[in-house]
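Below you'll find the structure, written out as structure tokens, and then a few comments.
Chains as they are written, first to last, in this note's numbering: chain A, 1 to 139; chain B, 140 to 288.
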């Protein structure tokens with residue numbers, strides 16, 4: 001969910017910022033939080049828990065514009081609190097946008113404060129840097 | 140100074156827009172007739188190889204990109220967005236550089252009329268840009284450049 005939004009959003013991001021290619025995933029992380037989130041959602045998530053090989057990190061959202069006035073209903077179905085990631089949209093958007101700049105990533109929620117967790121945490125993991133496609137039938 | 144033609148290639152190496160300008164006859168030139176032609180394919184191949192080779196000559200791995208190349212008869216101006224859309228303008232030799240103009244063409248005309256247009260795809264497949272407002276605004280943009288005569 002959100003993948004197609006990300007595909008388009010990245011073009012707007014590139015056009016408005018005129019950003020150049022990041023040289024490391026750390027730089028990408030800064031770009032996402034300080035420029036991307038700032039520009040589209042006016043919030044700057046913190047970057048934490050960078051893995052030692054530099055291929056995964058967490059975004060901690062101190063405020064979440066998507067869930068600002070949202071409460072999960074207390075129902076008899078315990079699934080809502082266990083399986084629903086209300087702001088799942090972010091994951092798709094980030095994955096779509098990064099894919100368009102040749103970064104193949106996995107993005108998933110770890111914690112979400114509207115579920116009662118202490119923080120909202122999104123984990124980004126870089127799988128590989130994609131190569132340019134070459135025309136079919138050529139080597 | 141003259142602009143002869145304009146091409147856009149997408150991430151999957153296909154030509155999604157081609158535009159030729161005529162300067163002698165009062166006609167408007169042709170739009171999207173050359174997408175499948177050898178001209179478009181050769182142009183893509185040349186740029187692709189030239190880009191790869193020329194970046195290998197520089198081992199500093201810093202930010203570097205192919206901008207243009209010229210022959211005795213024409214100059215090819217090249218701009219590639221980070222999302223791998225390639226914009227190519229073919230002009231005569233008198234035109235020195237069109238980098239900022241190509242960037243504007245991408246950032247203003249292309250993004251506003253193709254990417255932000257919900258009716259237009261972003262993964263083109265075998266489709267082309269046939270969107271009237273893009274064609275009109277891109278034409279206007281290029282015609283108003285001092286190098287377009």
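By construction, the Cβ of each residue, glycine as well, lies at the ideal position given by its N, Cα and C atoms. Quick caveat: nothing in here was measured; it's all calculated off a predicted structure.
Contact check, residue i vs residue j under 8 Å by CB: the rounded distance?
i              : j              : result
residue 146(B) : residue 160(B) : Not really, about 12 Å apart at Cβ, beyond 8 Å.
residue 140(B) : residue 233(B) : 4 Å
residue 2(A)   : residue 110(A) : That pair is no contact at about 17 Å.
residue 70(A)  : residue 221(B) : The Cβ separation is near 34 Å, so there is no contact.
Note down the Cα distance separating residue i from residue j, rounded to an integer number of angstroms.
i              : j              : result
residue 217(B) : residue 106(A) : 32 Å
residue 78(A)  : residue 84(A)  : 10 Å
residue 66(A)  : residue 183(B) : 42 Å
residue 114(A) : residue 41(A)  : 18 Å
residue 273(B) : residue 250(B) : 10 Å
residue 209(B) : residue 188(B) : 15 Å
residue 88(B)  : residue 43(A)  : No answer is possible for residue 88(B): the residues shown for chain B start at 140 and end at 288.
residue 20(A)  : residue 204(B) : 11 Å
residue 59(A)  : residue 88(A)  : 14 Å
residue 214(B) : residue 6(A)   : 35 Å
residue 15(A)  : residue 112(A) : 32 Å
residue 51(A)  : residue 24(A)  : 13 Å
residue 10(A)  : residue 245(B) : 13 Å
residue 227(B) : residue 236(B) : 12 Å
residue 186(B) : residue 118(A) : 52 Å
residue 73(A)  : residue 116(A) : 12 Å
residue 108(A) : residue 268(B) : 34 Å
residue 263(B) : residue 275(B) : 20 Å
residue 256(B) : residue 196(B) : 39 Å
residue 199(B) : residue 68(A)  : 46 Å
residue 130(A) : residue 171(B) : 29 Å
residue 38(A)  : residue 26(A)  : 17 Å
Comparing the C-beta of residue i with each C-beta of chain A, is any distance below 9 Å?
i              : result
residue 242(B) : yes
residue 280(B) : no
residue 227(B) : no
residue 175(B) : no
residue 286(B) : no
residue 206(B) : no
residue 178(B) : no
residue 151(B) : yes
residue 181(B) : no
residue 223(B) : yes
residue 264(B) : no
Closer than 9 Å, CB to CB, is residue i near chain B or not?
i              : result
residue 102(A) : yes
residue 1(A)   : no
residue 14(A)  : yes
residue 8(A)   : yes
residue 27(A)  : no
residue 132(A) : yes
residue 21(A)  : yes
residue 92(A)  : no
residue 4(A)   : yes
residue 36(A)  : no
residue 172(A) : Absent from the model: residue 172(A). The displayed extent of chain A is 1 to 139, so no value can be given.
Excluding the 5 residues flanking residue i on each side, which residues of the same chain have their C-beta closer than 7 Å to its C-beta?
i              : result
residue 96(B)  : Because residue 96(B) is not part of the residues shown, which for chain B are 140 to 288, the question remains open.
residue 17(A)  : 35
residue 179(B) : 146, 154, 157, 173
residue 194(B) : 203
Please name the residue in the options whose C-alpha comes closest to that of residue i.
i              : options                        : result
residue 125(A) : 28(A), 55(A), 14(A), 46(A)     : 55(A)
residue 285(B) : 252(B), 247(B), 230(B)         : 230(B)
residue 241(B) : 270(B), 181(B), 206(B)         : 206(B)
residue 248(B) : 193(B), 181(B), 191(B), 279(B) : 279(B)
residue 239(B) : 281(B), 258(B), 288(B)         : 281(B)
residue 223(B) : 97(A), 26(A), 136(A)           : 97(A)
residue 219(B) : 198(B), 196(B), 190(B), 195(B) : 190(B)
residue 64(A)  : 123(A), 136(A), 90(A)          : 90(A)
residue 225(B) : 132(A), 95(A), 82(A), 49(A)    : 132(A)
residue 271(B) : 192(B), 288(B), 287(B), 252(B) : 252(B)
Between which residues of its own chain and residue i is the CB-CB distance below 8 Å, once the five residues before and five after are set aside?
i              : result
residue 260(B) : 266
residue 31(A)  : 19, 22
residue 80(A)  : 72, 73
In chain order, what residues of the same chain lie with their CB nearer than 6 Å to the CB of residue i, ignoring the 5 residues before and after it?
i              : result
residue 47(A)  : 29, 33, 57
residue 121(A) : 58, 60, 110, 111
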